[in-house]
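Before any comments, here is the structure.
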Amino acid sequence: MFFREIFVKIINYSYLAIFLTTSQFVLADEGLIERKLPVCDYSKLTINVPSTIKLVALGSPSGSVKGANKELDYLRFKCLDGSLEISTKDNVLVNEYFKFELVNGSLNHLILNGDQKVDVTELSAKHFEITVNGIGKASLTGQVAFFNASLNGLAELDAANLKSEDGRVEVNGAGIAKLNVSSELNARVNGSGSVEYLGTPVNLKTEVNGSGSITSVP
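If you read the sequence shown in our numbering, its first letter stands for residue 53, the second for the next number, and so on.
This is the structure:
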């Protein structure tokens, strides 16, 4: 069951709230409105709204979002200290997925809270970190030196096509993670989740608490 209601906590420090006031146009074939995202120079991205996201990790940060006109008005953007957080107004019921198309060659930290489907391509970084809380699904491709992943709930992560030298992954709950690590892997499962890894890491440390599993796959 997909959760459609996103509650946004009130933050007790000052921040810059940016609203979608930029140009928009109607997509007749889909009955949706497309709007450009506000300008924000970020390396950390947090998404708290039900959505599908396609992100190409190349170039300067930019992007657009598609959705129903009224629901687009619910979106709230917070740009602060190199991070961008996308949420909605408090206690708002969102009926449809937002559709984001983003570009950002500086991205090194991604947090998903709730119900998202994310496809990130062309990753190239020394360090990349992802946290998926809820029922989100993420697919990553590219190459990084160090990869850190945390899955909580029913989250799914497919990073089989993200080549990394060193990796760390923790699955709490019934989530599923797939990684591709060549040198060192530290993996932990708490619950019934699973970790599958490609490659032949020289140093391997694993821990399973519960009925979960950590296995090597061809």
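Using N, Cα and C, we set each Cβ at its ideal position, and we do this for glycine too. Fair warning: this is a prediction, and the values are worked out from it, not measured in the lab.
Give, in chain order, every unbroken run of the beta strand (DSSP E) that is at least 3 residues long and sits entirely within the segment 98–163. 103–108, 114–119, 127–132, 135–140 and 150–155
Need the endpoints of the beta strand (DSSP E) that residue 192 sits in, please. Taken as a continuous stretch (DSSP letters only), the beta strand (DSSP E) holding residue 192 covers 189–205.
Which residue from 231, 103, 227 and 132 puts its Cα closest to that of residue 219? 231
According to DSSP, which residues form a beta bridge with residue 229? 209 and 247
Can you check which of these residues, 115, 104 and 150, is closest to residue 121 by C-alpha distance? Cα-wise, what sits closest to residue 121 is 150.
Closest by C-alpha distance to residue 263, when choosing among 242, 238 and 106: When only C-alpha atoms are compared, the closest one is 242.
May I ask you to report which of helix, strand or coil DSSP gives residue 93? Note: residue 93 maps to coil in three-state DSSP.
Reduced DSSP category for residue 167 - H, G, I as helix; E, B as strand; rest coil: coil
Run the CB neighbour count on residue 245, radius 10 Å, all protein chains shown included, and call it buried at 16 or more, exposed below. The residue in question, residue 245, is buried, as its Cβ has 16 or more Cβ neighbours within 10 Å.
What does the Cβ neighbour count give for residue 119, buried or exposed, with the cut at 16 atoms within 10 Å? buried
Can residue 138 and residue 162 be called in contact, C-beta distance under 7 Å? No, they are not a contact pair.
Whole-number beta carbon distance between residue 106 and residue 167, since they are thought to touch under 8 Å: Wrong, their Cβ atoms sit about 16 Å apart, outside the cutoff.
Would you mind reading off the limits of the beta strand (DSSP E) that contains residue 267? Segment 265–268, the beta strand (DSSP E) holding residue 267.
Three-state secondary structure (DSSP) of residue 329: Residue numbering for the chain in the displayed model covers 53 to 270; residue 329 lies beyond these limits and cannot be assessed.
Rounded to whole angstroms, what's the CA-CA distance from residue 132 to residue 157? Just pull it up for me. 18 Å
Considering only residues of the same chain and omitting the five flanking positions on each side of residue 233, which have a CB-CB separation below 8 Å? 199, 216, 217, 218, 219, 249, 250, 251 and 253
Classify residue 83 as helix, strand or coil using the three-state DSSP reduction. For residue 83, the secondary structure class from DSSP, reduced to helix, strand or coil, is coil.
Under the DSSP definition of a beta bridge, which residues are partnered with residue 219? 199 and 237
Going by the CB atoms, is the gap between residue 110 and residue 174 shorter than 7 Å? yes
For residue 236 versus residue 213, is the C-beta distance shorter than 7 Å? no
Nonlocal neighbours in the same chain, by C-beta distance under 7 Å from residue 95, ignoring five residues either side: 134, 158, 159, 160 and 161.
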